[in-house]
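A.B. asks: Got a structure here, written out as structure tokens. Questions coming.
In the working numbering, the protein residues as written are 298 to 528.
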């Protein structure tokens with residue numbers, strides 16, 4: 298089995314990189330690829346860079362170059378559900394853009410014209426992720442993840458998103474593009490994110506303090522998922 302794991306930043310890929318056996322590194326299109334074995338699986342780890350365009354470019358590159366059977370996105374996010382705390386994990390059942398507006402043409406807010414309003418994670422892969430979390434006693438919540446090219450530091454913006462979307466769990470900056478590309482290529486995906494902050498006016502300070510811990514929490518669930526799939 299060949300698995301692609303995508304993270305945006307050093308902090309989000311560092312722990313997973315250390316777990317790769319016989320690790321090889323290469324660069325293409327400004328994107329770093331680390332490939333090797335993890336629990337017997339062929340894993341390629343991609344450091345995409347931050348934001349939707351970087352994520353889309355990296356996802357396209359890895360799908361064309363490595364032909365993975367599935368894609369996992371790992372990293373941090375800002376919490377939108379008040380029941381969630383810093384460090385908590387969210388697994389996508391759906392991903393939507395939070396910064397696309399073609400409503401004047403009859404599309405839903407967040408929907409790219411002529412594309413779905415939302416991108417759904419592979420059901421089996423999502424169930425396997427939740428099972429892996431349960432086996433490792435890792436608390437996790439599944440739900441809607443919002444994606445856009447803005448850090449969620451505005452209380453008024455967050456209030457708008459909560460009014461517009463039904464029960465969003467968290468917001469981040471790459472998952473929508475990754476899910477969109479996987480949809481176009483018909484490749485199963487799942488998004489795993491840990492909260493580095495609770496979105497709002499104080500989010501920047503929390504993000505800087507807890508980014509590494511959130512990245513490690515997310516990576517721990519990715520590792521557990523790969524281990525379970527290879528049993």
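Where a beta carbon is used, it is the ideal one built from N, C-alpha and C, also for glycine. Computed from a prediction, not measured in an experiment: that's the story for all the values here.
Whose C-alpha, out of 466, 511 and 527, is nearest the C-alpha of residue 307?
C.D. replies: Of the listed residues, the one whose Cα sits closest to residue 307 is 511.
A.B. asks: Determine the extent of the alpha helix (DSSP H) in which residue 360 is found, giving its start and end residues.
C.D. replies: 349–363 is the span of the alpha helix (DSSP H), which, as asked, contains residue 360.
A.B. asks: Can you tell which of 314, 300 and 353 has the C-alpha that lies nearest to the C-alpha of residue 363?
C.D. replies: Closest by alpha carbon: 300.
A.B. asks: Where does the unbroken alpha helix (DSSP H) through residue 473 begin, and where does it stop?
C.D. replies: It spans 472–482 - the alpha helix (DSSP H) in which residue 473 sits, taken as one unbroken run.
A.B. asks: So residue 382 and residue 492 are supposed to be a Cβ contact under 8 Å. How far apart are they, rounded?
C.D. replies: Yes, they are in contact, since the Cβ atoms of residue 382 and residue 492 sit about 7 Å apart, within 8 Å.
A.B. asks: Hey, out of 314, 478, 435 and 390, whose CA is closest to residue 464's CA?
C.D. replies: Out of 314, 478, 435 and 390, 390 has the C-alpha closest to the C-alpha of residue 464.
A.B. asks: Give the DSSP-derived three-state secondary structure of residue 377 in the structure shown.
C.D. replies: It is coil, neither helix nor strand.
A.B. asks: Measuring straight from C-alpha to C-alpha, what distance separates residue 355 and residue 482?
C.D. replies: Using only the alpha carbons, I get a separation of about 13 Å.
A.B. asks: Output needed for residue 500: all residues of its chain with C-beta closer than 8 Å, excluding positions within five of it in sequence on either side, in chain order.
C.D. replies: Note on residue 500: pLDDT 49, under 50, position unreliable in the model; the coordinate value appears next. So the list reads 375, 448, 449, 450 and 494, once near-sequence residues are dropped.
A.B. asks: Between the region 428–435 and the region 337–350, can you find at least three pairs of beta-carbon atoms closer than 8 Å?
C.D. replies: As far as the Cβ criterion goes, the region 337–350 does not touch the region 428–435, which means the pair count is below three.
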